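Read the structure below first, then the notes.
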Amino acid sequence: MPTATIAGIELEVDEEGFILEPEKWTPEIGEEISKEVGCWPMTEEHWKVVHALRDYYKDYGMVPPLRQISKVTGFEMKRLYELFPYGPGKGPAKIGGLTKPAGCV
Amino acid sequence: MVDKTEMLDELEKGPWPSFVSQIKEQAEKNPISRDLLRQLEQSYKDKKLYWRHGGVVGVWGYGSGMIGRYSARPDLFPGVAEFHTVRLNNPSGWFYNTKSLRQMCDIWEKYGSGLLYMHGMTGDILLLGTTTENLQPCFDELSSEASFDLGGSGPGIRTISCCVGPARCEWACYDTLDVTYDLTMTFQSEMHRPSLPHKFKIKCSGCPNDCVGAILRSDLPIIGTWRDTIQIDQEAVSEYINGGFDIVSYVINRCPTQCMRLTEKELGINDRECSRCMHCINVLPKALRPGKERGATILIGGKTQLVEGTIISSVLIPFIKLTPPYQEIKDLVNKIWDFWGEYARGRERVGEFIQRIGLGDFLEGMGIEPNPYMVAHPRENPHIKFEEYYREGD
């Protein structure tokens, strides 16, 4: 697996740059990744979504479905896409050091 | 030049058009198509697929329309290391002018493999094969210069498609083109920002011939129908008979509900028994027409393959008049999304959801009264046990 040095920490990542070692994640890493997914500078709203995803991940071992993200954070889907133009699932997942959400053709 | 393609060459034999010839033509000038051909030849030799279902790819602001596809052997076939598909929303009824098609093709040759697939299962134009890097500039040009927008993909409403409807067909019971356009515009945001448990397809067929296969290929088929009687032109019937056409063998005996009879050269139909199979109307187009009071039947739950297997849609709304702005359909769709979105399991189509919870509970959740017309097939038992809906004393 490839590695990347983000915010001074060397991490294993997958081919799209999703961190594979969630235990090493820090908010500084998230801040750094936010630059590449078009969310920098991170606002309180961004962090609210990222933390909601991390909490859900802790409980269920997966990134929540989009509808669930909207419900938990209280943001409309349109707002979520404004906040995370890379996608409100994979954007905050990548920033939060979580695995890539499963796609659907 | 391309390597030897002995296996694929077999697929060029015979009088039929061949996709291999098409890819070979592109391969002369395009490295992506060249490696596509090589990888495909290898697949036939090894009897193994070399595609890897990819990660999520996309363009800014959209959650749909791009499908990631990667080669499992990028070392051997670098041209198709990334081979993503772009889905473009089709216009109602698939009517294009040559200018827009040329623009689209030029842009696609510039950024992708130059290979197209028209049209995919959902009706979109599929542009097959480009790199992650090219997705954004390709989309920018397609949307700004050629005025195409992305279609649906992922767990959301998919591109809505329809038959040619009243544009070219005399049987259309409602304006399929307008309904498709109107719903597409209404649900733009939901199409481009998917947030449902799984895909949701709407297809509009103008009559029960169902030329877009809506009943099987969509979660919410809207199929044209009539609620009065089939229009009969007895003079035209006589013409058929006098012309030597065997109406009894070819029409009356083939009526699935046996609701037709011929007396003294006059054709009679017991419309109460008619199941709208369209056979007689198709065979006697000069003599028979759908009734005058036209609208549509809305069905629910169709899908093919995967998870629970194929499900044919069953009737949800037996008859509805369709007039702009089609608010009843929009309200119905939103209600389905709310209920199914809330209670479905991940990756559960609405048809599977109804199979799991039962149509009775689904109707209750939707606030729709059960109705004997809610059948899976014409002239068969309804899904619902009606006694549970009767209160004591009813």
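Quick note, the sequences are listed as chains P and L, same order.
The numbering of the first sequence is my numbering, which starts it at 2 and goes up by one.
The numbering of the second sequence is my numbering, which starts it at 1105 and goes up by one.
Where a beta carbon is used, it is the ideal one built from N, C-alpha and C, also for glycine.
Computed from a predicted model, the values in this text were never measured in an experiment.
**Prompt:** At a Cβ cut of 9 Å, what residues of the stretch 1292–1304 of chain L count as close to chain P, listed as they run along the chain?
**Reply:** Of all residues in the stretch 1292–1304 of chain L, those with a C-beta nearer than 9 Å to a C-beta of chain P are Ser-1293, Glu-1294, His-1296, Arg-1297, Pro-1298, Ser-1299, Leu-1300, Pro-1301, His-1302 and Lys-1303, reading in chain order.
**Message:** At the level of alpha carbons, what is the spacing between Asn-1313 of chain L and Leu-1144 of chain L?
**Reply:** Cα atoms of Asn-1313 of chain L and Leu-1144 of chain L: separation of roughly 37 Å, rounded to the nearest angstrom.
**Message:** Tell me which residues of the stretch 62–91 of chain P have at least one Cβ-Cβ distance to chain L shorter than 7 Å, keeping chain order.
**Reply:** Only those residues of the stretch 62–91 of chain P whose C-beta falls short of 7 Å from the nearest C-beta of chain L are listed: Pro-66, Leu-67, Arg-68, Ser-71, Met-78, Lys-79, Tyr-82, Pro-86, Gly-88 and Lys-91.
**Asked** Taking just the CA atoms, how far does Ser-35 of chain P sit from Pro-28 of chain P?
**Response** The alpha-carbon separation between Pro-28 of chain P and Ser-35 of chain P amounts to approximately 10 Å.
**Request:** Kindly indicate if chain P contains any beta-carbon less than 7 Å away from that of Gly-1328 of chain L.
**Result:** Chain P, which has no Cβ nearer than 7 Å to the Cβ of Gly-1328 of chain L, makes this no.
**Request:** Could you name the residues that DSSP lists as bridge partners for Phe-1466 of chain L?
**Result:** Looking at the DSSP output, Phe-1466 of chain L shares a beta bridge with no other residue.
**Complete runs of the alpha helix (DSSP H) confined to the stretch 1196–1227 of chain L [at least 4 residues]** = For the stretch 1196–1227 of chain L, whole alpha helix (DSSP H) runs of length 4 or above, ordered along the chain, are 1202–1215.
**Asked** Cβ of Trp-1444 of chain L less than 7 Å from any chain P Cβ?
**Response** Taking Cβ atoms only, chain P never reaches closer than 7 Å to Trp-1444 of chain L, which makes this a no.
**Item:** Local conformation of Ile-34 of chain P per DSSP, three classes
**Value:** The three-state secondary structure of Ile-34 of chain P, taken from DSSP, is helix.
**Asked** Just curious, the beta strand (DSSP E) that Cys-1307 of chain L is in, first and last residue?
**Response** First, the amino acid is wrong: residue 1307 of chain L is Lys here, not Cys. Where Lys-1307 of chain L is concerned, the enclosing beta strand (DSSP E) starts and stops at 1306–1309.
**Request:** Could you work out which residue in P:Gly-97, P:Pro-89 and P:Val-14 is closest to Ser-1168 of chain L when comparing CA atoms only?
**Result:** When only C-alpha atoms are compared, the closest one is P:Pro-89.
**Request:** May I ask you to list the residues that DSSP assigns as paired with Met-1170 of chain L?
**Result:** DSSP, once it has assigned bridges, lists L:Val-1190 as partnering Met-1170 of chain L.
**Request:** In angstroms with no decimal places, state the Cα-to-Cα distance between Ile-1351 of chain L and Phe-1423 of chain L.
**Result:** So the alpha carbons of these two residues sit roughly 30 Å apart.
**Asked** Closest to Phe-1457 of chain L by CA distance: which of L:Phe-1199, L:Ala-1448 and L:Asp-1465 is it?
**Response** With distances taken between Cα atoms, Phe-1457 of chain L lies closest to L:Ala-1448.
**Request:** Please state whether DSSP places Val-106 of chain P in a helix, a strand or coil.
**Result:** Here the model assigns Val-106 of chain P a pLDDT of 44, short of 50, so the residue's position is not dependable, and the following value carries that caveat. Coil, per DSSP.
**Asked** Expressed to the nearest angstrom, what Euclidean distance is found between the alpha-carbon atoms of Ser-1083 of chain L and Val-1283 of chain L?
**Response** No statement about residue 1083 of chain L is possible, as the shown extent of chain L runs from 1105 to 1498 and does not include it.
**Request:** Alpha carbon to alpha carbon, how far is Leu-21 of chain P from Gly-98 of chain P? Give it in angstroms, no decimals.
**Result:** Rounded to whole angstroms, Gly-98 of chain P to Leu-21 of chain P spans 7 Å at the Cα level.
**Message:** Is Gly-1233 of chain L close to chain P? Criterion is C-beta to C-beta, closer than 7 Å.
**Reply:** Taking Cβ atoms only, chain P never reaches closer than 7 Å to Gly-1233 of chain L, which makes this a no.
**Item:** Contact with chain P by Gly-1224 of chain L, beta-carbon distance below 7 Å
**Value:** Look at Gly-1224 of chain L: its C-beta is not under 7 Å from any C-beta on chain P.
**Prompt:** Should Thr-44 of chain P be labelled buried (16 or more other beta-carbon atoms within 10 Å of its own) or exposed?
**Reply:** Exposed, since its Cβ has fewer than 16 Cβ neighbours within 10 Å.
**Message:** For Ala-1318 of chain L and Cys-1311 of chain L, which I take to be in contact (beta-carbon distance under 8 Å), what is that distance rounded to the nearest angstrom?
**Reply:** Cys-1311 of chain L and Ala-1318 of chain L do not touch by the CB rule: their CB atoms are close to 11 Å apart, not below 8 Å.
**Asked** Could you give the C-beta distance for Asp-1286 of chain L and Pro-1195 of chain L, rounded to a whole number, given that I count them as a contact under 8 Å?
**Response** About 13 Å; that fails the 8 Å criterion.
**Message:** How far does the alpha helix (DSSP H) with Leu-1426 of chain L in it extend, from its first residue to its last?
**Reply:** That residue, Leu-1426 of chain L, is in no alpha helix (DSSP H); it is neither H nor E in DSSP.
**Request:** Give the range of the beta strand (DSSP E) segment to which Pro-1325 of chain L is assigned.
**Result:** Element bounds for Pro-1325 of chain L: 1324–1330.
**Request:** Could you tell me the boundaries of the alpha helix (DSSP H) in which His-1157 of chain L lies?
**Result:** If you look at His-1157 of chain L, you'll find it isn't in any alpha helix (DSSP H); it sits in the beta strand (DSSP E) that goes 1155–1157.
**Asked** Hey, quick one: how far does the beta strand (DSSP E) through Arg-1398 of chain L stretch, first residue to last?
**Response** Arg-1398 of chain L -> beta strand (DSSP E) spans 1398–1404.
**CB contact check: Thr-100 of chain P to chain L, cutoff 7 Å** = Answer no: the Cβ-Cβ gap between Thr-100 of chain P and chain L never drops below 7 Å.
**Message:** Starting from Met-78 of chain P, trace the alpha helix (DSSP H) in both directions and tell me its first and last residue.
**Reply:** Secondary structure note for Met-78 of chain P: its alpha helix (DSSP H) is the uninterrupted segment 78–84.
**Asked** For the putative contact between Pro-65 of chain P and Pro-1301 of chain L, defined by C-beta atoms under 8 Å, what is the C-beta separation to the nearest angstrom?
**Response** Actually they do not touch by this definition, with Cβ atoms about 12 Å apart.
**Asked** Can you find a CB in chain P that lies within less than 7 Å of the CB of Gly-1455 of chain L?
**Response** No, its Cβ sits nowhere closer than 7 Å to a Cβ of chain P.
**Request:** Have a look at Val-1461 of chain L and Leu-1436 of chain L and give me their C-alpha separation to the nearest angstrom.
**Result:** First, the amino acid is wrong: residue 1461 of chain L is Ile here, not Val. In a straight line, the C-alpha of Ile-1461 of chain L is about 19 Å away from that of Leu-1436 of chain L.
**Request:** Would you identify the three-state DSSP class for Ile-1501 of chain L, choosing helix, strand or coil?
**Result:** Because chain L spans 1105 through 1498 in this model, residue 1501 of chain L falls outside it and cannot be assessed.
**Request:** Just the chain L side, please: which residues come within less than 9 Å of Gly-39 of chain P by C-beta, in chain order?
**Result:** Ordered by position in chain L, the residues that pass the 9 Å Cβ test against Gly-39 of chain P are Trp-1164.
**Asked** Can the beta-carbon of Glu-1370 of chain L be found closer than 7 Å to that of Gln-1338 of chain L?
**Response** Yes.
**Request:** Alpha carbon to alpha carbon, how far is Asn-1201 of chain L from Lys-1214 of chain L? Give it in angstroms, no decimals.
**Result:** Looking at the backbone, the Cα of Lys-1214 of chain L and that of Asn-1201 of chain L are separated by about 21 Å.
**Item:** Burial state of Ser-1251 of chain L, where buried means 16 or more other Cβ atoms lie within 10 Å
**Value:** Ser-1251 of chain L is exposed by the Cβ-count criterion.
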